[in-house]
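First the structure, in the form of structure tokens, and then the observations on it.
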Amino acid sequence: MVESIERVGAFILDGIVALGNFVQFLFRSVLYALLPPYKPRLTLRQIRIIGAESLMLIVLIATFTGMVLGLQGYHTLHLFGAEDSLGTLVGLALVRELGPVLAALMIAARAGSAMAAELGSMQASEQIDALTVMAINPLQYLVSPRMIAGVVSFPILTVTFNVIGIWAGYAVGCGLLGASSGAYFNNLASNMTRHDIALTLYKALVFGVVVMSVCCYKGYHAKRMATGVSRATTEAVVLSSVLVLAWDYFMGSILL
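Numbering (the numbering used here), first residue to last: 10 to 265.
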């Protein structure tokens, strides 16, 4: 009984310490991103890796997501004779929830895992220590450009996801199943507000910070052992995905 209580207490204390270390890591990374010297070339390189190289994946996932929404939405609305509301269903489902969430999960799986593995390999091979020896701030050189790139790339990719998904839903619902094209876009424009657009951008920004900070933190603090990099990569993707879904619920419950 005593051992069980001790284990629970140790688990809670370890969690509190880890949370404190993460908050400190995030604060310092954001602070160094705002202070000179700036690293525009490194930032642009990370924008290419996180944003441009994830574009085709985002387009592919958005296309099939929109097609599924168009197909299922049409058949569901057809039961109530409300096929004209298909545009509203597809558009609001994507803009409010599916667009920012699925985009964040895909980027975490593709770019976030690679980022954690890269930083973990640098930690294991003592490259981060070498930067410190050369009087180069590793957070400012390695982490801050990735944070900025995430904040820039996530909203752009989320908007791309939403637009592609809406057109894919239109192609299936109106092109294949015969829903009214005019009603699709008219109802979408009538029911989508500036608040919905602002919500998807807010979520994208928050998810960008969450995914980048978690993946950088896990890779930066990877253990120097044979399984350290693989474990850090797995933990980065799993934890960032869980936090994205958790933050999506909290932001939706507050901002809707």
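Heads up, the beta-carbon is just placed ideally off N, CA and C, and yes, glycines get one too.
Proximity to Gly187 across Asn30, Gly29, Ile67 and Gly82 peaks at Gly82, based on C-alpha coordinates. Apart from sequence neighbours up to five positions away, the residues of its chain that approach Ser249 with a beta-carbon distance below 7 Å are Ala117, Gly121, Val219, Val220, Val223 and Cys224, ordered along the chain.
Of the residues Ala198, Tyr150, Tyr211 and Arg203, the one whose Cα lies closest to the Cα of Pro49 is Tyr150.
Cβ contact annotation for Arg233 (same chain, cutoff 6 Å, sequence separation greater than five): Ala133, in chain order. A straight-line Cα-Cα distance of about 13 Å links Ala61 and Thr167. Within its own chain, the residues whose Cβ lies closer than 6 Å to the Cβ of Lys227, once the five positions on either side in sequence are excluded, are Ala125, Ala241, Glu244 and Ala245, listed in chain order.
Going by C-alpha positions, Arg57 is about 10 Å away from Gly159. C-alpha of Pro164 to C-alpha of Asp205: approximately 14 Å in a straight line. By the neighbour-count criterion, in which 16 or more other beta carbons inside 10 Å mark a residue as buried, Pro154 falls on the buried side. Comparing alpha-carbon positions, the option among Ile173, Gln55, Ala192 and Pro147 lying closest to Asp93 turns out to be Ala192. Annotated three-state conformation of Arg233 is coil, per DSSP.
The beta carbon of Asp257 sits closer than 6 Å to those of Val110, all from its chain and outside the five residues before and after it, given in chain order.
Shortest Cα-Cα distance from Val39 to any of Thr202, Val152, Ala231 and Leu128 involves Val152. Counting only runs of at least 4 residues, the stretch 60 to 138 fully encloses the following alpha helix (DSSP H) elements, listed from N- to C-terminal order: 64 to 87, 95 to 102, 108 to 116 and 122 to 133. By the Cβ-count criterion, Phe216 is buried, with 16 or more other Cβ atoms from all chains shown falling within 10 Å of its own Cβ. In this structure, the CA atom of Thr202 is about 24 Å from the CA atom of Ala255. In this model, Ser130 and Gly96 are separated by some 47 Å (Cα to Cα).
If you draw a straight line from the Cα of Leu66 to the Cα of Gly75, it is about 14 Å long.
For Ser199, the enclosing alpha helix (DSSP H) starts and ends at Ser190 to Asn200. The beta carbons of Gly90 and Val181 sit no closer together than 8 Å.
When the Cα atoms are used, Ile59 and Ser162 turn out to be separated by approximately 7 Å. Approximately 7 Å separates the beta-carbon atoms of Leu101 and Asn200; this is inside 8 Å, confirming the contact. Excluding five sequence positions before and after Cys183, the CB atoms of its chain that fall closer than 6 Å to its own CB belong to Ser190 and Tyr193, given in chain order.
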